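Counting in this note's numbering, the sequence shown runs from 285 upward without gaps.
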Amino acid sequence: MSDLNVVSISEAKLPAEPFVARHLIDGDWRQSADGSTFDRVSPSHGSVVTKAAKGGARDVDAAVSAARLAFDKGRWSRTSGKERATLLLKIADLIDRERERIAYWETLESGKPISQAMAEIEGASDIWRFAASLARTMHGESYNSLGSDMLGLVLKEPVGVVSIITPWNFPFLIVSQKLPFALAAGCTVVIKPSEMTPATTVILGELCIEAGIPAGVVNIVLGYGDPVGTAMTADKRVDMVTFTGSTGVGKAIVKAAAGTLKKVSLELGGKNPQVIFPDADLESAVDAVVFGVYFNAGECCNSGSRIIVHEDIAEAFLKATVDLSRKVPFGDPLDPSTKVGAIITPDHQSKIDKYVRDAADAGATVHLGGEALTVPGLAGQFYQPTIVADVKSDMPIAREEVFGPVLSVLTFKTLDEAIELVNDADYGLSAGVWSENVHTCLEFARRAHAGTVWTNTWMDGFAEMPFGGVKESGQGRELGKYGLDEFLEAKTVTMRIGKTRAPWVA
Ligand code: NDP
């Protein structure tokens, strides 16, 4: 461990008081109906940083009622695209104003580095601005070709009341990949953040209110997946659920939503491969592999946790990746120089460790790490940068989401073999290829079973570009113009012009 780059506790101060988080229901900040609360312990510092209202069925019922009424009364759905865009732009400005505050609480609750949290909040306000631009482009179709006495219109309408359920790994960014698009479409919402990261969603609620969102349009219920998430999924007054998280919970949501046949949009896990050909810019590829696997401590649906390297360069590539990994600053997330922070919970740390130990027991070789990381001065949990080679594609470490700073290394000989390895997966979120040959890159892009393909880069994202997965990585798309379409229904209006209708009964 001594040759790793560890950042000890920084000067940055912990809060004097924990963040107090309450539900936002019908424009009011409320305690739970039964008065219960829960604490969030910082994964890096080990102290309580948030005290939150712990929601139950009655709180969800009140929030859904408010969202339903706001929608049915047209408080938001019947405003013009211009009005909605103006409000979303105001919220984007408020997010920029509060960037440091949001990033601070995001870091304390999630354990991610403050510099990364700052970048994410900047990215989030950009998404709000992009969604605002879409609010004014929402339109349907007209059919002037149905005959001289007929006109067909396809109206685009908001889906209705949407339940938004988000995870702990990118709390502010992920809610910003859903909420502004739902609002741009004219929907009303009930949001449940992960119980591990409620604070920044509550701040976002404050900003929505400050910007002037009408009461009942944005509601937030804090608490656990069961009973809060389950009630938000099963309630028949909810028209759609949009969820980001594990594939297991995604499947449970599909089953629960089937009872009322609501629309479901899912962004789930990934086991994302990067394939490296010998003709690649190897220096850049090594850096991208290191970034891809350690970014957000690997707790990332887009984690590049599986690399597939050509046999001819595998040994040199592995050595370069191990060497660069040692230089990555792991440690105190409040220190601006840190690139990798804490692991979300002790249980999750044990889960990561088990994947590595099981792989070693099954014959894989641990080239770096494979253990907890001690960060002087910090009581939370951290995991060492870890690289496991000689991995076979049937090992759990090669097939399942480890969700930690753990890289699996496989090798290939031919393009066909590489594609076979890439597609031999239950997931299909993203995939990457490294080669200076454009034909190799294009063939890879066309044959990889993935929602996103990166060529000679990794994890670049843009508000304009849709994001989502195939196979067990989900259904539906976020971002881009597709991000708005998710929250729209098509209504057919068929109009007769003049008294030309022939009677059915003579
Ligand atoms: P979950 O999928 O369990 O949690 C995501 C969100 O869903 C949370 O808000 C959670 O609430 C809520 N939830 C849980 N159960 C239900 C339910 N039955 N109905 C409705 N909502 C529910 O993720 P975990 O936090 O348990 O992480 C487990 C694994 O999931 C990770 O190890 C990782 O592999 C994967 N994951 C993938 C993510 C991604 O971005 N694709 C994000 C997070 C996790 P609560 O937290 O209160 O239980």
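Glycine residues also receive a C-beta, built at the ideal position from the N, C-alpha and C atoms. Given the structure is predicted, the values throughout are model-derived calculations rather than measurements.
Please go through the same chain and pick out, in chain order, the residues whose beta-carbon is closer than 7 Å to the beta-carbon of LYS546, but skip the five residues on each side of it. VAL522, ASP523, MET524, VAL525
Could you check if VAL332 is buried or exposed, using at least 16 other CB atoms within 10 Å of its CB as the buried criterion? exposed
With a threshold of 16 other CB atoms inside 10 Å of the CB of ASN580, please say whether the residue is buried or exposed. buried
Which residues mark the beginning and the end of the beta strand (DSSP E) in which ARG796 is found? In the structure as shown, the chain begins at 285 and stops at 790. Residue 796 is therefore absent and cannot be evaluated.
Would you please state the rounded distance, in angstroms, between the beta carbons of PHE465 and TRP389? I believe it to be under 8 Å. 24 Å between Cβ atoms; not a contact.
Is any heavy atom of the ligand NDP found at a distance shorter than 7 Å from the C-beta of ASN428? Not one heavy atom of the ligand NDP is found less than 7 Å from the C-beta of ASN428.
By DSSP's criteria, MET679 is part of a beta bridge. Which residues make up the other side? BP columns for MET679 are empty, so no partner.
Are the beta-carbon atoms belonging to MET516 and VAL344 less than 8 Å from one another? yes
Please classify ARG342 as buried or exposed, where buried requires at least 16 other C-beta atoms within 10 Å of its C-beta. exposed
Work out the CA separation of ASP563 and VAL570 for me, nearest whole Å. 13 Å
So, is PHE876 buried or exposed, given that buried needs 16 or more other C-beta atoms within 10 angstroms? Within the shown structure, residues of the chain are numbered from 285 to 790, placing residue 876 beyond reach of any answer.
Would you decide whether LYS357 is buried or exposed? Buried here means 16 or more other CB atoms lie within 10 Å of its CB. exposed
Return helix, strand or coil for LEU467, following the three-state DSSP convention. Assigned with DSSP and collapsed to three states, LEU467 falls in helix.
Alpha carbon to alpha carbon, how far is GLY764 from THR784? Spanning the two alpha carbons is a distance of roughly 43 Å.
Residue span of the alpha helix (DSSP H) that contains GLY576, given as start and end: Looking at the DSSP string, the run of the alpha helix (DSSP H) that includes GLY576 is 566–578.
May I have the straight-line CA-CA distance separating ALA644 from VAL650, to the nearest angstrom? 7 Å
Please classify GLY496 as buried or exposed, where buried requires at least 16 other C-beta atoms within 10 Å of its C-beta. exposed
Beta-carbon proximity list for GLY753, same chain, < 6 Å, skipping 5 on both sides: Contacts found: GLY712, LEU713, GLY735.
Across which residues does DSSP place ILE449 in a beta bridge pair? BP columns for ILE449 point to LYS476, PHE527.
Which same chain residues, not among the five before or five after PRO511, have their C-beta less than 7 Å away from its C-beta? GLY340, ALA341
When the cut-off is 8 Å and only beta carbons count, does ALA401 lie next to chain C? Within the model displayed, chain C is absent; a lone protein chain is all it includes.
If you follow the alpha helix (DSSP H) that ALA715 is part of, which residue opens it and which one closes it? Unbroken run through ALA715 is the beta strand (DSSP E), 714–718; no alpha helix (DSSP H).
Do MET402 and ILE781 count as a contact pair if the criterion is CB distance below 8 Å? Not in contact: ILE781 and MET402 (Cβ atoms no closer than 8 Å).
In the DSSP assignment, what residue or residues form a beta bridge with ILE671? LEU652, LEU691
If you compare alpha carbons, which of GLY330, THR363, ILE537, ILE487 is closest to ARG381? ILE487
Once the 5 residues before and after GLU595 are set aside, which same chain residues still bring their CB inside 6 Å of it? THR695, LYS697
Where ALA408 falls, given that 16 or more other Cβ within 10 Å makes a residue buried: buried
Quick check: the stretch 308–324 against the stretch 455–465, are at least 3 beta-carbon pairs closer than 8 Å? no
Exposed or buried, GLU837, counting other C-beta atoms within 10 Å across all chains shown (16 or more means buried)? One cannot answer for residue 837 here, as it falls past the ends of the chain, which runs 285 to 790.
Can you tell me whether TYR711 sits near the ligand NDP, meaning its C-beta is under 7 Å from at least one heavy atom of the ligand? No, the beta carbon of TYR711 sits no closer than 7 Å to any heavy atom of the ligand NDP.
Give me, in chain order, the residues of the same chain whose beta-carbon lies closer than 8 Å to that of THR629; leave out the 5 immediate sequence neighbours on both sides. PRO327, MET480, GLN665
Contact under 8 Å by Cβ, PRO680 with ASP708: no
Look at THR622 and ASP631 and say whether their C-beta atoms are less than 8 Å apart. no
Does the contact criterion of 3 or more C-beta pairs under 8 Å hold for the stretch 443–458 versus the stretch 413–424? Contact between the stretch 443–458 and the stretch 413–424 is absent: fewer than three C-beta pairs spanning the two stretches fall below 8 Å.
Cα-Cα, which of GLU727, GLU684, SER460, GLY688 is closest to ILE411? SER460
Whole-Å CB distance - ALA732 paired with VAL706, under 8 Å assumed: 5 Å
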